[in-house]
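In the working numbering, the protein residues as written are 9 to 464.
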């Protein structure tokens with residue numbers, strides 16, 4: 009496991025970089041682009057429980073999840089879409105799905121209210137050859153009115169994505185915030201005994217479905233990061249025994265090296281506009297941060313502290329970078345201008361800090377902390393105030409925010425026994441308040457999760 013005597017990076021990075029780093033004390037147009045045509049249905053009204061006038065807040069829903077009726081939407085795909093939609097809503101901990109009810113026409117509001125529901129979904133799924141049309145209506149049971157109506161026409165192969173999109177619509181209408189179901193998670197899939205695991209770059213839907221392996225596992229791979237604007241990942245690979253950052257095009261499967269640095273390059277992170285990657289590069293026994301322009305390939309060194317500077321992450325407006333450095337004697341979090349300059353320390357709690365990532369909302373920075381031989385996952389404001397811990401464990405690290413900034417995905421590992429027995433590495437999800445900490449299913453052991461932007 010990681011020790012407090014070295015910077016907070018992943019176990020594999022720390023072990024494999026040890027020879028180079030000295031040890032220190034330490035929906036609209038986007039739907040059309042995806043082959044999905046969305047059209048409003050008549051009858052949508054503005055309800056007092058939705059939008060800017062929302063009476064139900066996320067905080068209230070944590071205490072009393074919103075009861076919502078989701079019926080089967082017909083046989084076959086209709087039932088499958090309803091199952092995925094129900095799972096999306098239930099797993100947030102903010103909704104309580106009630107099965108049953110009629111799937112067409114105006115709901116029997118008295119019956120729905122008797123079931124304890126505040127909202128009800130109706131709809132239908134019809135198909136013609138390889139095409140499918142999904143009609144969905146959302147009803148306010150208490151106000152007796154329709155608050156959303158949309159029809160989607162797409163390839164039948166897109167049925168699961170339609171379910172996620174519908175879930176996002178319901179989430180936003182009921183809670184006043186954008187949803188995050190129509191997203192993916194990239195991660196490192198792991199197979200084999202502890203210390204000799206095969207690692208493969210992988211990607212899946214946020215609910216664990218549609219998992220596919222992107223690399224063959226011939227070389228160690230680590231720390232993937234999604235581009236915010238292109239269907240692309242940056243990640244670290246030990247291909248040909250030269251550890252460097254690569255870019256992986258998810259549409260074509262092509263890989264290319266990002267910058268030909270003399271030292272080891274690692275810990276990549278995209279700028280919010282997708283034009284730049286910031287990463288760490290080993291140099292003279294330490295590591296410095298560099299930015300690489302993806303169009304021109306131009307590189308710029310932005311730190312030269314003589315320390316180990318790593319795990320950089322841009323602020324949502326691209327003006328600042330938070331990173332981990334041991335320049336003060338132990339691994340702590342610092343913020344500096346994105347083009348370099350003076351850095352100010354923001355972490356002052358007990359222990360060592362690392363793997364920072366900025367929330368898409370800009371209001372929080374998530375981090376890993378080690379204190380008293382315990383790993384914690386927490387958040388703090390960008391000025392270092394308001395630090396709070398969300399979850400703890402033998403190893404909990406590498407947080408990544410969902411697009412609305414409400415939920416974090418992270419790596420959770422268990423202690424290994426003799427010969428590595430009992431070790432497990434998996435993916436967890438937790439609300440930024442520490443609410444609803446749960447496991448995300450993966451086909452194999454997993455680590456290094458990173459959340460995509462909303463699918464386009």
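Heads up, the beta-carbon is just placed ideally off N, CA and C, and yes, glycines get one too.
- Ranked by Cα distance from residue 253, the first of 265, 372, 374, 205 is 265.
- Taken through DSSP and simplified to helix, strand or coil, residue 356 comes out as coil.
- Judged by DSSP secondary structure, residue 406 falls within the beta strand (DSSP E) whose first and last residues are 403-409.
- Inter-residue distance for residue 313 and residue 383 is about 27 Å (C-alpha atoms, whole angstroms).
- 141 is the residue among 91, 82, 141, 135 whose C-alpha sits nearest the C-alpha of residue 48.
- Between the region 195-207 and the region 157-174, the count of C-beta pairs closer than 8 Å stays below three; the two stretches do not touch.
- The alpha carbon of residue 441 has as its nearest neighbour, out of 67, 50, 43, 46, the alpha carbon of 67.
- Residue 192 carries a strand assignment under DSSP once its states are collapsed to helix, strand and coil.
- Going by C-alpha positions, residue 300 is about 34 Å away from residue 358.
- When secondary structure is reduced to three states using DSSP, residue 141 falls in the strand class.
- Of the candidates 221, 281, 272, 281 places its Cα closest to the Cα of residue 238.
- Sixteen is the threshold: since fewer than 16 other Cβ atoms of the shown chains lie within 10 Å of the Cβ of residue 327, the residue is exposed.
- For residue 47, the secondary structure class from DSSP, reduced to helix, strand or coil, is strand.
- Here residue 92 carries a helix assignment [DSSP, helix/strand/coil].
- Taking all protein chains shown into account, residue 325 has fewer than 16 neighbouring C-beta atoms within 10 Å of its C-beta and is therefore exposed.
- Residue pairing of residue 147 in beta bridges, as defined by DSSP: 128, 154.
- Beyond the five residues adjoining it in sequence on each side, residue 143 comes within less than 7 Å, by CB distance, of 49, 131, 132, 159 in the same chain, given in chain order.
- Boundaries of the alpha helix (DSSP H) harbouring residue 176: 167-183, taken from the DSSP string.
- Nearest to residue 255 by C-alpha distance, out of 361, 234, 228, 108, is 234.
- Here the alpha carbons of residue 426 and residue 85 stand approximately 48 Å from one another.
- Residue pairing by DSSP places residue 241 opposite 234, 256 in a beta bridge.
- In the same chain as residue 412, and ignoring 5 residues on each side of it, the C-beta atoms closer than 6 Å to its own belong to 185, 186, 188, in chain order.
- 8 Å or more divides the Cβ of residue 178 from the Cβ of residue 126.
- Distances from the CA of residue 114 to each of 83, 157, 98, 90 were compared; the closest alpha carbon is that of 157.
- Collapsing the DSSP output to three states places residue 421 in a strand.
- Rounded to the nearest whole angstrom, the C-alpha separation of residue 446 and residue 456 is 16 Å.
- Under a 10 Å Cβ-count criterion, residue 356 is classified as exposed, with fewer than 16 other Cβ atoms of the shown protein chains found around its own Cβ.
- Excluding its 5 nearest sequence neighbours in each direction, residue 372 has C-beta neighbours in its own chain below 6 Å: 387, listed in chain order.
- Residues 271 of the same chain have their beta carbon placed closer than 7 Å to that of residue 291, with the five preceding and five following residues left out of the count.
- Apart from the 5 residues on each side of it in sequence, residue 176 sits with its Cβ closer than 6 Å to the Cβ of 187, 189, 190 in its chain, given in chain order.
- Considering only 408, 438, 305, the residue with the shortest C-alpha distance to residue 400 is 438.
- Straight through space, the alpha carbons of residue 109 and residue 223 are spaced by roughly 45 Å.
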